[in-house]
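Residue 72 in the numbering used here sits at position 62 of the sequence shown; the count goes up by one each step and never skips.
Some notes on the structure that comes next.
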Amino acid sequence: MSFEIIPVRAFQDNYIWTIRNRKCAAVVDPGDARPVLDYLAQERLRLVAILNTHHHADHVGGNAELLRRRDVPVYGPHDERIAEVTHRLRAGDRLRLPQFTLEFEVLEIPGHTRTHIAFYAPRVLFCGDTLFACGCGRLFEGTPREMVTSLAKLAALPEDTRVYCGHEYTLSNIRFAKAVDGGNPALLALEHEAQELRSRDLPTVPSTIAREKATNPFLRCLEPVVVAAASGYAGKNLEDPVDVFAALREWKNRS
Ligand code: ZN
Ligand code: FE
11 MSFEIIPVRA FQDNYIWTIR NRKCAAVVDP GDARPVLDYL AQERLRLVAI LNTHHHADHV
71 GGNAELLRRR DVPVYGPHDE RIAEVTHRLR AGDRLRLPQF TLEFEVLEIP GHTRTHIAFY
131 APRVLFCGDT LFACGCGRLF EGTPREMVTS LAKLAALPED TRVYCGHEYT LSNIRFAKAV
191 DGGNPALLAL EHEAQELRSR DLPTVPSTIA REKATNPFLR CLEPVVVAAA SGYAGKNLED
251 PVDVFAALRE WKNRS
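The following block contains the structure:
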């Protein structure tokens with residue numbers, strides 16, 4: 011394989027995903043420069059690119075410091091709030107990282123923020139704070155309909171796509187998912203596996219699209235058991251999957 015993807019931890023629960031080979035590295039969403047610089051120094055890697063999925067400080071806060079050390083291209087969305095971006099990308103744009111023989115396609119996935127993007131290459135998805143293992147991002151700047159559309163784009167990717175999300179939120183997401191879909195055997199199996207990994211302080215991610223479709227209530231808004239649980243929370247019969255999603259999101263925000 012021409013690259014590996016390594017999680018560098020930052021803050022409480024962020025992952026700065028680092029694409030690396032023996033000599034160089036690209037980082038996705040460096041919210042903090044320090045742990046990235048430490049990792050690069052320890053592994054003797056040369057930084058070659060920065061990728062940003064959205065403008066939140068816990069994803070871009072380290073850009074400037076990394077650029078002070080080394081001038082590299084910064085790929086991100088059309089959003090002036092990320093001053094350091096040198097290559098602003100839209101849906102369908104392609105981004106080549108020849109060092110790793112990787113070519114990403116850019117997906118626009120608004121909802122968490124207005125300009126959130128994802129980077130997709132065969133079997134690899136960097137999706138920032140849109141899709142989490144067993145959960146999804148809060149709607150800071152988008153509507154439920156936008157988020158449902160964005161999540162559907164991700165769910166339509168091949169099932170073996172590994173999902174590299176921005177945070178370790180899996181156990182708390184599972185707790186909520188069990189309130190919605192507690193009889194789901196795939197969810198209970200995931201809980202077991204995630205508890206085991208966390209007890210050894212290991213990441214529960216990357217997930218896969220297959221696992222998310224089997225366990226993530228926010229991708230399961232058409233499942234009768236999820237519709238029933240969301241309807242119970244809303245106190246009325248919900249039929250439109252967007253309404254089901256909106257009820258789940260509000261329920262999760264309050265739980
Ligand atoms: Zn965010
Ligand atoms: Fe975040």
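Beta carbons are placed, not taken as given, at the ideal position from N, Cα and C, and that holds for glycine.
Just so it is clear, the structure is predicted and the values come from calculations on it, not from any experiment.
Any non-hydrogen atom of the ligand ZN within 6 angstroms of residue i CB
i      : result
His177 : no
Asp139 : yes
Anticipated Cβ contact below 8 angstroms, residue i with residue j, distance rounded
i      : j      : result
Gly102 : His69  : Actually they do not touch by this definition, with Cβ atoms about 22 angstroms apart.
Ala257 : Ala244 : 4 angstroms
Tyr49  : Pro213 : Not a contact, Cβ separation roughly 15 angstroms.
Val82  : Ala51  : Actually they are not in contact, since the Cβ atoms of Val82 and Ala51 sit about 16 angstroms apart, beyond 8 angstroms.
Ile127 : Leu117 : 6 angstroms
DSSP three-state assignment for residue i, whether helix, strand or coil
i      : result
Glu249 : coil
His177 : strand
Asn24  : strand
Glu14  : strand
Arg98  : strand
Ser209 : helix
Gly265 : A small fix is needed here, since residue 265 is Ser in this sequence, not Gly. Coil, per DSSP.
Pro40  : coil
Glu151 : coil
Ala93  : coil
Ile119 : coil
Pro234 : helix
Ala165 : helix
Ala143 : coil
Thr214 : coil
Leu107 : strand
Leu55  : coil
Pro45  : helix
Residue i Cβ short of 6 angstroms to the ligand FE heavy atom set
i     : result
Asp42 : no
Asp23 : no
His66 : yes
Of the residues the options, the one placed nearest residue i, counting alpha carbons only
i      : options                        : result
Ala204 : Arg148, Asn247, Cys144, Gly152 : Cys144
Cys275 : Asn31, Asp211, Asp253, Val46   : The structure shown does not extend to residue 275, since the chain spans only 11 to 265, so no value can be given for it.
Gly152 : Ile119, His202, Arg44          : Ile119
Phe21  : Arg56, Arg32, Gly71            : Gly71
Leu61  : Arg79, Val215, Pro87, Arg78    : Pro87
Touching or not, the stretch 108 to 125 and the stretch 46 to 66, by the rule of three or more beta carbon pairs under 8 angstroms?
yes
Any chance the stretch 146 to 164 sits against the stretch 105 to 114, with 3 or more Cβ pairs inside 8 angstroms?
no
Count the C-beta pairs between the stretch 133 to 144 and the stretch 162 to 178 that are closer than 8 angstroms, then say yes if the count reaches three, no if not.
yes
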